[in-house]
Amino acid sequence: MKRTLNRSLLGYLCATAIVGVIVRVYFHHLHVNATTVALSLLVGILLVASAWGLWTSIYMSVLAALAFNYFFLPPFLTFSVADRQNWAALAAFLASGIIASNLSERLQREVRASNNRRREVERLYDFTQKLLVTDNVIDLLKSIPTHIAETFNLSGAAYYSVATDRVYRSSPSFMDVSAADLRDAAYAFDHVHRPPDVTLVPVRFGMRPRGGDRYRRRESIT
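When you read off a place in the sequence shown, starting at 1, and then add 1385, the result is the number in my numbering.
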(Lines of atoms letter the chains of each structure in order from A and count residues from 1; the text may use other names and numbers.)
(Lines give C-alpha, C1' and ligand atoms only; values in the text may rest on other atoms or scores of the structure.)
Protein backbone atom coordinates (compact mmCIF):
# COMPACT_ATOMS: atom_id res chain seq x y z
CA MET A 1 0.00 0.00 0.00
CA LYS A 2 2.80 2.39 0.93
CA ARG A 3 4.67 1.53 -2.24
CA THR A 4 1.58 2.25 -4.34
CA LEU A 5 1.07 5.57 -2.55
CA ASN A 6 4.68 6.57 -3.14
CA ARG A 7 4.39 5.69 -6.83
CA SER A 8 1.20 7.74 -7.17
CA LEU A 9 2.82 10.70 -5.43
CA LEU A 10 5.83 10.40 -7.73
CA GLY A 11 3.49 10.43 -10.74
CA TYR A 12 1.78 13.64 -9.61
CA LEU A 13 5.14 15.29 -8.92
CA CYS A 14 6.47 14.30 -12.34
CA ALA A 15 3.30 15.56 -14.05
CA THR A 16 3.67 18.91 -12.27
CA ALA A 17 7.36 19.08 -13.17
CA ILE A 18 6.70 18.35 -16.86
CA VAL A 19 4.11 21.12 -17.08
CA GLY A 20 6.52 23.48 -15.30
CA VAL A 21 9.39 22.68 -17.66
CA ILE A 22 7.28 23.11 -20.80
CA VAL A 23 5.87 26.43 -19.58
CA ARG A 24 9.30 27.75 -18.59
CA VAL A 25 10.93 26.77 -21.88
CA TYR A 26 8.20 28.23 -24.09
CA PHE A 27 7.38 31.29 -22.00
CA HIS A 28 10.90 32.44 -21.15
CA HIS A 29 13.15 31.00 -23.86
CA LEU A 30 11.38 29.78 -27.00
CA HIS A 31 8.60 32.11 -28.05
CA VAL A 32 6.30 29.94 -30.13
CA ASN A 33 2.62 30.04 -30.97
CA ALA A 34 -0.07 28.62 -28.70
CA THR A 35 -0.64 25.60 -30.94
CA THR A 36 2.93 24.39 -30.43
CA VAL A 37 2.59 24.80 -26.68
CA ALA A 38 -0.69 22.87 -26.63
CA LEU A 39 0.76 20.00 -28.68
CA SER A 40 3.81 19.80 -26.41
CA LEU A 41 1.59 19.64 -23.34
CA LEU A 42 -0.55 16.93 -24.95
CA VAL A 43 2.55 14.84 -25.66
CA GLY A 44 3.53 15.20 -22.01
CA ILE A 45 0.03 14.12 -20.94
CA LEU A 46 0.28 10.98 -23.10
CA LEU A 47 3.66 10.12 -21.60
CA VAL A 48 2.32 10.52 -18.08
CA ALA A 49 -0.78 8.45 -18.95
CA SER A 50 1.40 5.57 -20.19
CA ALA A 51 3.65 5.70 -17.13
CA TRP A 52 1.25 6.47 -14.26
CA GLY A 53 -2.27 5.85 -15.47
CA LEU A 54 -5.53 7.69 -15.95
CA TRP A 55 -5.97 9.77 -12.80
CA THR A 56 -2.46 11.22 -12.88
CA SER A 57 -2.88 12.18 -16.53
CA ILE A 58 -6.29 13.77 -15.81
CA TYR A 59 -4.63 15.83 -13.06
CA MET A 60 -1.96 16.88 -15.54
CA SER A 61 -4.62 17.76 -18.14
CA VAL A 62 -6.34 20.15 -15.72
CA LEU A 63 -3.02 21.62 -14.58
CA ALA A 64 -1.83 22.02 -18.17
CA ALA A 65 -5.10 23.71 -19.16
CA LEU A 66 -4.72 26.22 -16.32
CA ALA A 67 -1.08 26.91 -17.22
CA PHE A 68 -1.95 27.19 -20.91
CA ASN A 69 -4.64 29.74 -20.10
CA TYR A 70 -2.48 31.73 -17.67
CA PHE A 71 0.69 31.99 -19.75
CA PHE A 72 -0.28 31.62 -23.38
CA LEU A 73 -3.83 32.93 -23.88
CA PRO A 74 -4.52 36.67 -23.79
CA PRO A 75 -4.79 38.50 -21.49
CA PHE A 76 -1.49 36.96 -20.35
CA LEU A 77 -0.62 36.20 -16.71
CA THR A 78 -4.25 36.04 -15.73
CA PHE A 79 -6.89 33.35 -15.69
CA SER A 80 -9.35 35.60 -17.48
CA VAL A 81 -10.27 34.72 -21.07
CA ALA A 82 -11.31 37.70 -23.16
CA ASP A 83 -11.96 36.08 -26.54
CA ARG A 84 -14.64 33.45 -27.16
CA GLN A 85 -12.29 31.66 -29.52
CA ASN A 86 -9.82 31.28 -26.68
CA TRP A 87 -12.57 29.77 -24.54
CA ALA A 88 -13.17 27.24 -27.30
CA ALA A 89 -9.44 26.55 -27.61
CA LEU A 90 -9.10 26.06 -23.85
CA ALA A 91 -12.10 23.72 -23.70
CA ALA A 92 -10.83 21.75 -26.71
CA PHE A 93 -7.39 21.41 -25.11
CA LEU A 94 -8.80 20.15 -21.83
CA ALA A 95 -11.13 17.70 -23.58
CA SER A 96 -8.30 16.45 -25.79
CA GLY A 97 -6.09 15.82 -22.77
CA ILE A 98 -8.75 13.86 -20.91
CA ILE A 99 -9.77 11.84 -23.99
CA ALA A 100 -6.14 11.06 -24.80
CA SER A 101 -5.58 9.95 -21.20
CA ASN A 102 -8.61 7.67 -21.32
CA LEU A 103 -7.55 6.13 -24.63
CA SER A 104 -4.03 5.54 -23.34
CA GLU A 105 -5.36 3.87 -20.18
CA ARG A 106 -7.69 1.65 -22.24
CA LEU A 107 -4.84 0.65 -24.53
CA GLN A 108 -2.70 -0.29 -21.55
CA ARG A 109 -5.51 -2.40 -20.08
CA GLU A 110 -5.87 -4.25 -23.37
CA VAL A 111 -2.12 -4.85 -23.55
CA ARG A 112 -2.08 -6.19 -19.98
CA ALA A 113 -5.06 -8.44 -20.71
CA SER A 114 -3.40 -9.71 -23.88
CA ASN A 115 -0.17 -10.46 -22.01
CA ASN A 116 -2.11 -12.31 -19.30
CA ARG A 117 -3.89 -14.43 -21.91
CA ARG A 118 -0.59 -15.19 -23.61
CA ARG A 119 0.98 -16.28 -20.32
CA GLU A 120 -2.02 -18.50 -19.57
CA VAL A 121 -1.73 -20.19 -22.98
CA GLU A 122 2.00 -20.71 -22.43
CA ARG A 123 1.33 -22.26 -19.02
CA LEU A 124 -1.36 -24.55 -20.39
CA TYR A 125 0.94 -25.64 -23.20
CA ASP A 126 3.72 -26.35 -20.71
CA PHE A 127 1.28 -28.29 -18.51
CA THR A 128 0.10 -30.37 -21.49
CA GLN A 129 3.67 -31.15 -22.52
CA LYS A 130 4.47 -32.42 -19.03
CA LEU A 131 1.43 -34.71 -19.08
CA LEU A 132 2.27 -36.15 -22.50
CA VAL A 133 5.64 -37.50 -21.39
CA THR A 134 3.95 -39.96 -18.98
CA ASP A 135 2.64 -43.20 -20.53
CA ASN A 136 1.42 -44.98 -17.41
CA VAL A 137 -2.08 -43.85 -16.29
CA ILE A 138 -1.37 -44.31 -12.58
CA ASP A 139 1.88 -42.36 -12.83
CA LEU A 140 0.00 -39.69 -14.77
CA LEU A 141 -2.63 -39.33 -12.04
CA LYS A 142 0.07 -39.07 -9.39
CA SER A 143 1.96 -36.44 -11.34
CA ILE A 144 -1.02 -34.18 -12.18
CA PRO A 145 -1.04 -32.22 -8.87
CA THR A 146 2.73 -31.74 -8.99
CA HIS A 147 2.60 -30.46 -12.57
CA ILE A 148 -0.28 -28.12 -11.69
CA ALA A 149 1.64 -26.64 -8.76
CA GLU A 150 4.85 -26.22 -10.78
CA THR A 151 3.25 -24.85 -13.95
CA PHE A 152 0.93 -22.33 -12.30
CA ASN A 153 3.30 -21.38 -9.46
CA LEU A 154 1.08 -22.71 -6.66
CA SER A 155 2.05 -23.66 -3.13
CA GLY A 156 0.30 -27.02 -3.58
CA ALA A 157 -2.43 -28.95 -5.36
CA ALA A 158 -4.58 -32.04 -4.81
CA TYR A 159 -6.57 -34.11 -7.29
CA TYR A 160 -9.40 -36.60 -6.60
CA SER A 161 -10.05 -39.21 -9.30
CA VAL A 162 -13.57 -40.62 -9.57
CA ALA A 163 -12.27 -43.64 -11.48
CA THR A 164 -9.80 -44.75 -8.80
CA ASP A 165 -11.56 -43.13 -5.80
CA ARG A 166 -8.21 -41.81 -4.64
CA VAL A 167 -6.70 -38.44 -3.80
CA TYR A 168 -3.36 -37.48 -5.31
CA ARG A 169 -1.39 -34.61 -3.80
CA SER A 170 1.54 -32.55 -5.01
CA SER A 171 3.40 -33.43 -1.81
CA PRO A 172 2.66 -35.62 1.23
CA SER A 173 2.64 -32.53 3.45
CA PHE A 174 -0.05 -30.83 1.40
CA MET A 175 -3.10 -31.73 3.49
CA ASP A 176 -5.06 -28.46 3.39
CA VAL A 177 -8.23 -30.17 2.16
CA SER A 178 -9.87 -33.46 3.05
CA ALA A 179 -10.72 -36.27 0.67
CA ALA A 180 -14.41 -35.73 1.43
CA ASP A 181 -14.22 -32.10 0.29
CA LEU A 182 -12.52 -33.16 -2.92
CA ARG A 183 -15.20 -35.78 -3.60
CA ASP A 184 -17.90 -33.15 -3.11
CA ALA A 185 -16.04 -30.82 -5.49
CA ALA A 186 -15.91 -33.55 -8.13
CA TYR A 187 -19.71 -33.62 -8.34
CA ALA A 188 -20.25 -29.88 -8.01
CA PHE A 189 -21.35 -27.74 -10.94
CA ASP A 190 -18.95 -24.86 -10.37
CA HIS A 191 -15.73 -24.03 -8.59
CA VAL A 192 -15.77 -23.02 -4.92
CA HIS A 193 -13.45 -20.36 -3.57
CA ARG A 194 -12.47 -20.43 0.09
CA PRO A 195 -10.77 -17.31 1.42
CA PRO A 196 -8.08 -16.34 1.42
CA ASP A 197 -6.52 -18.35 -1.42
CA VAL A 198 -8.11 -21.81 -1.75
CA THR A 199 -10.14 -22.98 -4.75
CA LEU A 200 -11.97 -26.28 -5.39
CA VAL A 201 -12.59 -27.00 -9.07
CA PRO A 202 -14.64 -29.87 -10.58
CA VAL A 203 -12.99 -31.64 -13.53
CA ARG A 204 -15.40 -32.83 -16.22
CA PHE A 205 -15.29 -34.53 -19.61
CA GLY A 206 -18.53 -33.46 -21.23
CA MET A 207 -21.23 -33.82 -18.55
CA ARG A 208 -19.55 -36.61 -16.60
CA PRO A 209 -17.46 -35.77 -13.53
CA ARG A 210 -13.91 -37.09 -13.72
CA GLY A 211 -12.42 -35.63 -10.58
CA GLY A 212 -11.96 -32.71 -8.29
CA ASP A 213 -8.99 -30.45 -8.21
CA ARG A 214 -7.99 -28.27 -5.31
CA TYR A 215 -5.17 -25.79 -5.31
CA ARG A 216 -3.74 -23.00 -3.23
CA ARG A 217 -1.72 -20.09 -4.51
CA ARG A 218 1.72 -19.43 -3.14
CA GLU A 219 1.86 -16.92 -0.31
CA SER A 220 4.09 -14.67 -2.44
CA ILE A 221 1.41 -14.32 -5.14
CA THR A 222 -0.95 -11.38 -4.71
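All C-beta atoms, glycine included, are put in the ideal place defined by N, C-alpha and C. Note that the structure is predicted; figures quoted are calculated from it, not measured.
For Glu1604, does the count of other Cβ atoms within 10 angstroms reach 16, so buried, or fall short, so exposed?
-> Taking the sequence shown and counting its residues from 1, one reaches residue 1604 at position 219. Because the pLDDT at Glu1604 is just 36, under 50, the model does not fix this residue reliably, and the value given afterwards should be weighed accordingly. Glu1604 is exposed by the Cβ-count criterion.
Rounded separation between Thr1519 and Leu1525 - CA only = Locating residue 1519 in the sequence shown gives position 134, counting from the first residue. Locating residue 1525 in the sequence shown gives position 140, counting from the first residue. Each residue's alpha carbon lies about 6 Å from the other.
Where the alpha helix (DSSP H) through His1532 begins and ends = Within the sequence shown, the letter at position 147 stands for residue 1532. Residues 1522-1536.
Separation of Thr1549 from Thr1584, as counted between CA atoms | Taking the first residue of the sequence shown as position 1, residue 1584 is located at position 199. Taking the first residue of the sequence shown as position 1, residue 1549 is located at position 164. Rounded to the nearest whole angstrom, the CA to CA distance from Thr1584 to Thr1549 is 22 Å.
Output yes or no for whether 8 Å exceeds the beta carbon distance between His1532 and Leu1509.
-> Against the sequence shown, residue 1532 aligns to sequence position 147. Against the sequence shown, residue 1509 aligns to sequence position 124. The answer is no: Cβ separation not under 8 Å.
Inter-residue Cα distance where the pair is Arg1611 and Pro1530 | Any answer about residue 1611 is impossible in this case: the structure gives the chain only from 1386 up to 1607.
Nearest neighbour of Leu1451, chosen from Thr1463, Ala1402, Thr1513, Gln1470 [CA to CA] = By one-based count along the sequence shown, residue 1451 stands at place 66. Comparing Cα positions, the closest option is Thr1463.
Taking Asp1566 as the reference, give the member of Asp1582, Asp1575, Phe1574, Tyr1545 with the closest Cα.
-> Translated into the one-based positions of the sequence shown, residue 1566 becomes position 181. Closest by C-alpha distance to Asp1566, out of Asp1582, Asp1575, Phe1574, Tyr1545, is Tyr1545.
Can you grab the Cα-Cα spacing for the pair Phe1456 / Phe1412, in whole Å?
-> Along the sequence shown, one-based indexing puts residue 1456 at 71. Along the sequence shown, one-based indexing puts residue 1412 at 27. Computed Cα separation, rounded: 7 Å.
Are there 16 or more other CB atoms within 10 angstroms of the CB of Ile1606, so buried, or fewer, so exposed?
-> To locate residue 1606, count along the sequence shown from 1; it is residue 221. Note on Ile1606: pLDDT 32, under 50, position unreliable in the model; no value is reported.
Quick one: measure Cβ to Cβ for Thr1536 and Asp1511, integer angstroms, because I've assumed they're closer than 8 Å.
-> Stepping through the sequence shown from its first residue, residue 1536 is reached at position 151. Stepping through the sequence shown from its first residue, residue 1511 is reached at position 126. About 5 Å separates the two Cβ atoms, so the contact holds.
Look up Ala1543 in the DSSP assignment and say whether it is helix, strand or coil.
-> One-based indexing of the sequence shown puts residue 1543 at position 158. Shown here, Ala1543 sits in a strand according to DSSP, grouped into three states.
Please classify Leu1585: does DSSP put it in a helix, a strand, or coil?
-> In the sequence shown, residue 1585 corresponds to position 200, counting from 1. Three-state DSSP puts Leu1585 in a strand.
Between Lys1527, Ala1400, Met1560, Glu1495, which lies nearest to Ile1443 when the distance is taken from Cα to Cα?
-> As a working mapping, residue 1443 is identified with position 58 in the sequence shown. With distances taken between Cα atoms, Ile1443 lies closest to Ala1400.
Look up His1578 in the DSSP assignment and say whether it is helix, strand or coil.
-> Numbered from 1 along the sequence shown, position 193 holds the residue referred to as residue 1578. In the three-state reduction of the DSSP assignment, His1578 falls in the strand class.
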